[in-house]
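Going by UniProt numbering, the sequence shown wraps up at 343, each residue one higher than the last.
Reading through the structure tokens given below for one structure.
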Amino acid sequence: MVRSLLECARVVDVQEQHHLDWSWHGHNPGCGFVSISLEEHRMSVERLSRSLWGAWDGANATWPLPEQALLQPFWDYLRQSHASTLRSPLFPVLLSVSTYLVLVLLYTTLDLLAPTWPSIRRYQLHPERTVTWSNVGNTLALTTYNHLLYIFPAAVAQWLWRPPVPLPHHAPSLTSFLLGIAGCTVLFDFQYFVWHLLHHRIAWLYATFHAVHHQYRQTFSLVTQYLSAWELISVGLWTTVDPLLLNCHCLTTWAFMVFNVWVSAEDHCGYDFPWAMHRLVPFGLWGGAPRHDVHHTQPGTNFAPFFTHWDWLAGTASAPVKFCNNNDHNSLKENGLGSDKGD
Ligand SMILES: [Zn+2]
Ligand SMILES: [Zn+2]
């Protein structure tokens with residue numbers, strides 16, 4: 001009995017020293033009352049390891065952490081009420097496309113109201129520039145063409161050849177959910193930064209694939225997907241693959257897709273709203289609409305889509321100038337920046 005207690009104490013000591021070790025090999029069943037404290041200890045170790053590991057392995061996190069319970073009711077509702085929709089390989093495509101359409105509808109309505117509504121115009125990066133019906137028609141035409149020719153066939157192919165997506169029983173923990181979205185966004189930001197830099201530095205790549213996006217020096221929401229097929233496919237591929245690389249839960253994956261469309265549209269929306277991401281993320285780490293607007297007027301700068309660190313490191317960062325009053329508008333026109341396609 002004494003020997004057994006000593007063995008138990010030694011196991012506790014080892015676990016204390018290696019409390020971040022993921023694997024636990026079970027407790028000694030012959031320890032009597034000591035086995036109760038051992039069991040508690042095992043639970044606390046396992047809870048800690050799962051909370052850390054669950055951040056990166058949301059699909060497999062099963063421990064009922066309090067923060068995990070936050071998303072579980074919502075996930076249960078989705079699984080019980082919309083399982084067939086969620087399991088369809090078409091669902092991620094429909095989610096991305098419908099999010100994009102809702103956002104551009106919202107921003108385009110603001111664009112069309114802005115000339116007569118000062119309360120909207122005051123948030124525009126370039127209030128002197130008007131988004132015309134011609135701008136809307138041209139960008140919408142290419143967006144529709146790309147969707148019919150590339151997105152729709154890719155979605156149908158997925159529908160035909162991919163098996164229905166399995167829905168795990170457990171929701172991701174809140175930490176896993178948020179870190180998954182953040183991780184995918186950081187990864188996507190780096191991938192697009194490299195792609196974007198290469199497509200500006202190599203003349204053939206720029207002329208063949210990226211120049212189309214720069215036909216508009218004035219950004220407005222529909223410019224977001226005014227892209228060549230190659231750029232659209234590249235962006236779509238990273239959005240699909242990055243959550244798989246980080247082993248994200250499907251709820252995290254879908255949230256990342258929505259977030260990615262949201263911040264991409266915000267980059268091009270042409271507004272500097274108080275709730276914009278670059279105002280919410282501290283230390284100037286997020287570029288947002290003002291910095292991407294600079295990229296469209298000075299195409300040799302600000303290649304990263306979201307964060308600012310890669311441009312700082314590469315020496316390609318360019319801070320935006322505030323365009324909030326008529327003096328700024330006049331200086332803008334004097335600098336010849338008022339000539340956009342379709343104006
Ligand atoms: Zn752009
Ligand atoms: Zn560019």
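By construction, the Cβ of each residue, glycine as well, lies at the ideal position given by its N, Cα and C atoms.
(message) Tell me which residues share the same chain as Gln-225 and place their Cβ nearer than 6 Å to its Cβ, disregarding the 5 neighbours each side in the sequence.
(response) As a first step, residue 225 is located in the sequence shown; it is residue number 225 there, counting from the start. For Gln-225, where only same-chain residues beyond five positions count, the Cβ hits under 6 Å are Thr-143.
(message) Looking at Cys-248: is its Cβ nearer than 9 Å to the Cβ of Val-165?
(response) Mapped onto the sequence shown, residue 248 falls at position 248. Mapped onto the sequence shown, residue 165 falls at position 165. No, they are not a contact pair.
(request) Provide the residue span of the alpha helix (DSSP H) that contains residue 422, from first to last. (result) Since the displayed the chain opens at 1 and closes at 343, residue 422 lies outside it and no answer follows.
(request) Can you give me the start and stop residues for the alpha helix (DSSP H) that Gly-287 sits inside? (result) Within the sequence shown, the letter at position 287 stands for residue 287. Per DSSP, Gly-287 belongs to no alpha helix (DSSP H) and is neither H nor E.
(request) Ignore the nearest five residues each way along the sequence and tell me which others in Gly-32's own chain have a CB closer than 6 Å to its CB. (result) The residue labelled residue 32 in the question sits at position 32 within the sequence shown. Any reading at Gly-32 must be qualified, since the residue scores a pLDDT of 35, below 50, and its modelled position is unreliable; the value itself is stated next. Nothing listed; no residue qualifies.
(message) Which residue wins for smallest C-alpha separation from Leu-125, given the options Ala-289, Ser-318, Ser-84 and Gln-158?
(response) What you label residue 125 is simply residue 125 of the sequence shown in a count that begins at 1. Of Ala-289, Ser-318, Ser-84 and Gln-158, the residue nearest in Cα terms is Ala-289.
(message) Given this structure, state the Cα-to-Cα distance separating His-214 from Cys-269, to the nearest angstrom.
(response) Position 214 of the sequence shown, counted from the start, is the residue given in the question as residue 214. Position 269 of the sequence shown, counted from the start, is the residue given in the question as residue 269. About 15 Å.
(request) Examine ligand 1 and report whether any of its heavy atoms sits within less than 8 Å of the Cβ of Thr-219. (result) If you number the sequence shown from 1, residue 219 lands on position 219. Yes, ligand 1 has a heavy atom inside 8 Å of this Cβ.
(message) Can you find the residues in the same chain that come closer than 6 Å, C-beta to C-beta, to Tyr-100, ignoring five residues on each side of it along the sequence?
(response) Translated into positions along the sequence shown, residue 100 becomes position 100. Excluding positions up to five away in sequence, the list reads Val-261.
(request) Would you kindly work out how many angstroms separate the C-alpha atoms of Leu-103 and Val-131, rounded to a whole number? (result) For the purposes of this step, residue 103 is taken as the residue at position 103 of the sequence shown. For the purposes of this step, residue 131 is taken as the residue at position 131 of the sequence shown. So the alpha carbons of these two residues sit roughly 16 Å apart.
(request) Taking all protein chains shown into account, decide if Trp-133 is buried (16 or more other Cβ within 10 angstroms of its Cβ) or exposed. (result) The residue you call residue 133 lines up with position 133 of the sequence shown. When all chains shown are included, Trp-133 counts as exposed.
(message) Would residue 350 and Gln-72 be called neighbours here (beta carbons separated by less than 9 Å)?
(response) Nothing in the structure corresponds to residue 350, since the chain is present only between 1 and 343.
(message) Given this structure, state the Cα-to-Cα distance separating Asn-327 from Thr-252, to the nearest angstrom.
(response) Here residue 327 corresponds to residue number 327 of the sequence shown, with the count starting at 1. Here residue 252 corresponds to residue number 252 of the sequence shown, with the count starting at 1. Note that Asn-327 scores 37 on pLDDT, short of 50, meaning its location in the model is unreliable and no value can be drawn from it.
(request) Taking only the alpha-carbon atoms, compute the straight-line gap between Pro-153 and Tyr-145 and give it to the nearest angstrom. (result) Walking along the sequence shown from the start, residue 153 turns up at place 153. Walking along the sequence shown from the start, residue 145 turns up at place 145. Those two C-alpha atoms are separated by around 12 Å.
(request) Look up Gln-72 in the DSSP assignment and say whether it is helix, strand or coil. (result) One-based indexing of the sequence shown puts residue 72 at position 72. The answer is helix: DSSP assigns Gln-72 an H, G or I state.
(message) I need the DSSP call for Phe-177, collapsed to helix, strand or coil.
(response) Taking the sequence shown and counting its residues from 1, one reaches residue 177 at position 177. In the structure shown, Phe-177 sits in a helix (DSSP, three-state: H, G or I).
(request) Check whether the Cβ of His-268 sits closer than 8 Å to any heavy atom of ligand 2, and report yes or no. (result) Within the sequence shown, numbered from 1, the residue matching residue 268 stands at position 268. For ligand 2, not one heavy atom lies less than 8 Å from the Cβ of His-268.
(request) For Leu-86, I'd like the list of residues in its chain whose CB is within less than 8 Å of its CB, leaving aside the five on either flank, ordered along the chain. (result) Numbered from its first residue, the sequence shown carries residue 86 at position 86. Closer than 8 Å at the Cβ level, and outside the excluded window around Leu-86, lie Leu-78, Arg-79, Val-165, Leu-167 and Cys-250.
(message) My output table needs one value for Tyr-271: the three-state DSSP class, helix, strand or coil.
(response) Mapped onto the sequence shown, residue 271 falls at position 271. Reduced to three states, the DSSP call for Tyr-271 is strand.
(request) Can you tell me which of Gln-218, Thr-219, Met-257 and Ala-182 puts its alpha carbon nearest to the alpha carbon of residue 344? (result) Because the chain spans 1 through 343 in this model, residue 344 falls outside it and cannot be assessed.
(request) Report yes if the CB atom of Phe-259 is closer than 9 Å to the CB atom of Thr-175, and no otherwise. (result) In the sequence shown, counting from the first residue as 1, residue 259 sits at position 259. In the sequence shown, counting from the first residue as 1, residue 175 sits at position 175. No.
(request) On a CA-only basis, which of Arg-129, Ala-155, Thr-116 and Ala-229 is nearest Pro-92? Give me that one, please. (result) In the sequence shown, residue 92 corresponds to position 92, counting from 1. The candidate whose alpha carbon is nearest that of Pro-92 is Ala-155.
(request) Give a yes or no on whether the C-beta atoms belonging to His-309 and Phe-303 are separated by under 9 Å. (result) Taking the sequence shown and counting its residues from 1, one reaches residue 309 at position 309. Taking the sequence shown and counting its residues from 1, one reaches residue 303 at position 303. No, Cβ-Cβ distance for His-309 and Phe-303 is not below 9 Å.
(request) Have a look at the DSSP bridge pairing and note the partners of Gln-124. (result) Stepping through the sequence shown from its first residue, residue 124 is reached at position 124. Bridge partners of Gln-124: Tyr-271.
(message) Can you tell me whether Gly-315 is buried or exposed? The criterion is at least 16 other CB atoms within 10 Å of its CB, across all chains shown.
(response) As a working note, residue 315 is residue 315 in the sequence shown. Classification for Gly-315: exposed.
(message) Among Ser-221, Phe-193 and Phe-306, whose alpha-carbon lies nearest the alpha-carbon of Thr-139?
(response) For the purposes of this step, residue 139 is taken as residue 139 along the sequence shown, with counting starting at 1. The shortest C-alpha separation from Thr-139 is found at Ser-221.
(request) For Ser-228, I'd like the list of residues in its chain whose CB is within less than 6 Å of its CB, leaving aside the five on either flank, ordered along the chain. (result) As a first step, residue 228 is located in the sequence shown; it is residue number 228 there, counting from the start. If we look at Ser-228 and ignore the five residues flanking it on each side, its Cβ neighbours are Phe-209 and Val-212.
(message) Can you give me the C-alpha to C-alpha distance between Val-97 and Leu-148, rounded to a whole angstrom?
(response) In the sequence shown, counting from the first residue as 1, residue 97 sits at position 97. In the sequence shown, counting from the first residue as 1, residue 148 sits at position 148. Val-97 and Leu-148: Cα-Cα distance of roughly 12 Å.
(message) Rounded to whole angstroms, what is the Cα-Cα separation between Arg-279 and Val-263?
(response) Along the sequence shown, read from residue 1 onward, the residue named residue 279 stands at position 279. Along the sequence shown, read from residue 1 onward, the residue named residue 263 stands at position 263. Their Cα atoms are separated by approximately 13 Å.
(message) Does Ala-141 pass the burial test, meaning 16 or more other C-beta atoms within 10 Å, or should it be called exposed?
(response) To locate residue 141, count along the sequence shown from 1; it is residue 141. Burial call: exposed.
(request) Whole angstroms is fine: what's the gap from Leu-94's alpha carbon to Gly-180's? (result) On the sequence shown, residue 94 is found 94 positions in, with the first residue counted as 1. On the sequence shown, residue 180 is found 180 positions in, with the first residue counted as 1. Between Leu-94 and Gly-180, the C-alpha separation is close to 21 Å.
(message) Measuring straight from C-alpha to C-alpha, what distance separates Val-321 and Asp-293?
(response) Your numbering for residue 321 matches position 321 in the sequence shown. Your numbering for residue 293 matches position 293 in the sequence shown. If I take the Cα positions, the gap works out to 10 Å.
(request) Ignore the nearest five residues each way along the sequence and tell me which others in Asn-330's own chain have a CB closer than 8 Å to its CB. (result) Within the sequence shown, the letter at position 330 stands for residue 330. Its pLDDT being 37, under 50, Asn-330 is placed unreliably in this model, and the value from its coordinates should be taken loosely. Contacts found: none.
(request) Would you mind giving the Cβ-Cβ distance between Pro-305 and Asp-272, rounded to the nearest angstrom? I have them listed as a contact below 8 Å. (result) On the sequence shown, residue 305 is found 305 positions in, with the first residue counted as 1. On the sequence shown, residue 272 is found 272 positions in, with the first residue counted as 1. Going by Cβ atoms, the distance from Pro-305 to Asp-272 rounds to 17 Å, so no, they are not a contact pair.
(message) Using a Cβ-based criterion (distance less than 8 Å to any ligand heavy atom), does Pro-320 qualify as near ligand 2?
(response) In the sequence shown, the residue the question calls residue 320 occupies position 320. False, no ligand heavy atom lies under 8 Å from that Cβ.
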